[in-house]
Amino acid sequence: MLKRLDVQGKGLLVAALFILVVIGNVPAVGLLDPDSLFDFFLILAFILLAVLLLIPAVKAINDLNERSGTRPPSFGWRRRSAAVLVLGLLVNAMAAVGVLILVVLFSTGVTYVETPDGPYEAYYENGQLWEKGILVAGEPDGPYERYYENGQLWIMATYAASERDGPYERYYWNGQLEAGGTYNMGEACGEWISDGETETHPPCPPDLEDGN
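Each position in the sequence shown, counted from 1, maps to that position plus 52 in our numbering.
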């Protein structure tokens with residue numbers, strides 16, 4: 053019984069610490085965003101889970117102290133309990149990692165319920181328009197515009213079958229033209245201007261040269 057309480061207390065305590073370490077590193081690698089309200093509550097839920105694991109860990113250690121009448125056990129590895137302790141740690145760690153993986157998959161949009169179709173708009177957090185266009189089977193098709201956060205036009209293009217096809221312009225944040233020309237199914241064609249310099253690419257099809 054004493055050995056079981058010893059292993060149980062250590063296993064739960066280390067599992068709780070493991071969860072806290074994972075929580076501390078997940079935002080740093082970009083899996084969860086603390087600024088997102090949804091992800092904030094997910095992080096809060098994992099902290100609560102760690103606390104819930106700490107409660108039985110402390111109880112198990114206290115029970116061990118009461119039954120043995122000795123000081124709190126050291127956290128050193130002992131031969132007679134090493135195998136059981138490792139098994140307990142693996143079970144707790146696998147459970148924590150499994151839950152974390154499921155949460156990350158569903159919170160980062162890896163699983164999609166439906167494919168968007170038709171006109172769409174996306175915005176910055178301050179409400180300023182970021183981009184707008186048309187989606188067909190989830191891919192851009194038709195006129196497309198993207199804007200800087202200050203409202204300045206960034207990119208103006210035309211898509212066909214998810215490829216840039218037609219006039220294309222890209223601007224710096226101050227409104228100065230960075231590059232402009234024509235695309236033919238994703239490939240630059242005709243005369244281009246890039247940072248004030250003229251570039252010549254293979255001729256464009258007649259319909260693109262005419263601006264149709």
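We put the CB at the ideal spot given by N, CA and C, even for glycine.
Just so it is clear, the structure is predicted and the values come from calculations on it, not from any experiment.
8 Å Cβ cutoff met for aspartate 217 and alanine 189:
The count along the sequence shown starts at 1 and reaches residue 217 at position 165. The count along the sequence shown starts at 1 and reaches residue 189 at position 137. No, these two residues do not count as a Cβ contact at 8 Å.
When DSSP labels each residue in this structure, what does proline 258 get in the three-state scheme?
Along the sequence shown, one-based indexing puts residue 258 at 206. Here proline 258 sits in helix by DSSP.
Once you ignore the five residues that flank glutamine 204 on each side, which residues in its own chain have a CB closer than 6 Å to its CB?
Residue numbering aside, residue 204 sits at position 152 when the sequence shown is read from its first letter. Only Trp225 and Gly227 meet the Cβ criterion.
Return the first residue and the last residue of the beta strand (DSSP E) that serine 246 is part of.
Within the sequence shown, the letter at position 194 stands for residue 246. Serine 246 -> beta strand (DSSP E) spans 239 to 246.
Between which two residues does the beta strand (DSSP E) containing glycine 170 stretch?
Looking up residue 170 in the sequence shown gives position 118. Its beta strand (DSSP E) spans residues 170 to 175.
Whole-angstrom Cβ separation of tyrosine 196 and glycine 185, contact assumed at under 8 Å?
Position 144 of the sequence shown, counted from the start, is the residue given in the question as residue 196. Position 133 of the sequence shown, counted from the start, is the residue given in the question as residue 185. Yes, tyrosine 196 and glycine 185 are in contact; Cβ-Cβ is about 4 Å, under 8 Å.
Assign glycine 179 to one of three DSSP states: helix, strand, or coil.
Locating residue 179 in the sequence shown gives position 127, counting from the first residue. Looking at glycine 179 - three-state DSSP - the assignment turns out to be coil, as it is neither helix nor strand.
Secondary structure of tyrosine 224, DSSP reduced to three states
For the purposes of this step, residue 224 is taken as residue 172 along the sequence shown, with counting starting at 1. The answer is coil: DSSP assigns tyrosine 224 none of H, G, I, E or B.
Helix, strand or coil for glutamate 230, going by three-state DSSP, please let me know.
Sequence index remark: in the sequence shown, residue 230 carries index 178 (1-based). DSSP places glutamate 230 in strand when its eight states are reduced to three.
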